Structure formats: C-alpha cells, structure tokens
Amino acid sequence: MDDKAETACRICGLDDGEALYDEYGAPQYVICECCYCESGIGDDHLSQVRERRELWIAGGAHWHDPTRRPADWDLSRQLANIPSRWR
Ligand SMILES: [Zn+2]
1079 MDDKAETACR
1089 ICGLDDGEAL
1099 YDEYGAPQYV
1109 ICECCYCESG
1119 IGDDHLSQVR
1129 ERRELWIAGG
1139 AHWHDPTRRP
1149 ADWDLSRQLA
1159 NIPSRWR
C-alpha cells in the first residue's frame, strides 16, 4: 500500500485532484462526475471495480455530468490514470 491519498477514480480513471480515498485508505464518498461511482460504494473489491468499469464502457462510457467533459477528452488516456491494482 502506498501512503498517498487516491485521487483517480478506480472505475473510470477521472482524476481532478480531489481525494477519493484518504492516505489511510478511508473512502471519502465522492461521486465521480464521469462514471457516477461513489468512492467507498461498490469500488472496494477488484472484481466489482472491473465489473462496473466494463458496464460503464459497454454502455458508451458516458459522463454523468457531460458539461464537465473536456473537449479533448480521451477515454484511453483517462483509463491510464487507474492505479495498477485496480485494473
Ligand atoms: Zn469515475
């Protein structure tokens, strides 16, 4: 375990710098504006994370809040933010 807060969404990789899990691994219950996952709710097991990611991508990888989607947004680039243990 590293000792840094997690800022990248485990499901979709969105990283806006806000801590989703603190440095002790405690969830901060932040709702991702991209995939709409809430940190600490259904993203604490790798199998769940993978399943939710697959569903999200299969559904078109839509942003929950489309106004927050950058004009040059790139799905594969965002997925690269996902910490290796959540891939
Ligand atoms: Zn997300």
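In our numbering, the protein residues as written are 1079 to 1165. Beta carbons are placed, not taken as given, at the ideal position from N, Cα and C, and that holds for glycine. Keep in mind that this is a model prediction, so the values were computed, not measured.
Residue i by DSSP, collapsed to three states: which one?
i	result
Glu1084	strand
Ile1160	coil
Glu1101	coil
Glu1096	coil
Arg1165	coil
Met1079	Its pLDDT being 49, under 50, Met1079 is placed unreliably in this model, and the value from its coordinates should be taken loosely. In the structure shown, Met1079 sits in coil (DSSP, three-state: anything other than H, G, I, E or B).
Check the DSSP bridge columns for residue i and list the partner residues they point to.
i	result
Tyr1107	Beta-bridge pairing links Tyr1107 to no other residue.
Glu1116	Ile1109
On a CA-only basis, which of the options is nearest residue i? Give me that one, please.
i	options	result
Glu1101	Glu1111, Glu1116 and Thr1085	Thr1085
Leu1153	Leu1098, Pro1105, Gly1103 and Arg1131	Arg1131
Pro1144	Glu1096, Ala1136, Pro1161 and Glu1111	Glu1111
Gly1088	Arg1147, Gln1106 and Cys1115	Looking at the sequence shown, residue 1088 is not Gly but Arg. Considering only alpha carbons, the answer is Cys1115.
Arg1128	Arg1165, Ala1083 and Lys1082	Arg1165
Ile1135	Cys1113, Gly1095 and Asp1122	Cys1113
Ser1125	Lys1082, Val1108 and Arg1163	Arg1163
Can you check whether the CB of residue j is closer than 8 Å to the CB of residue i?
i	j	result
Gly1091	Leu1157	yes
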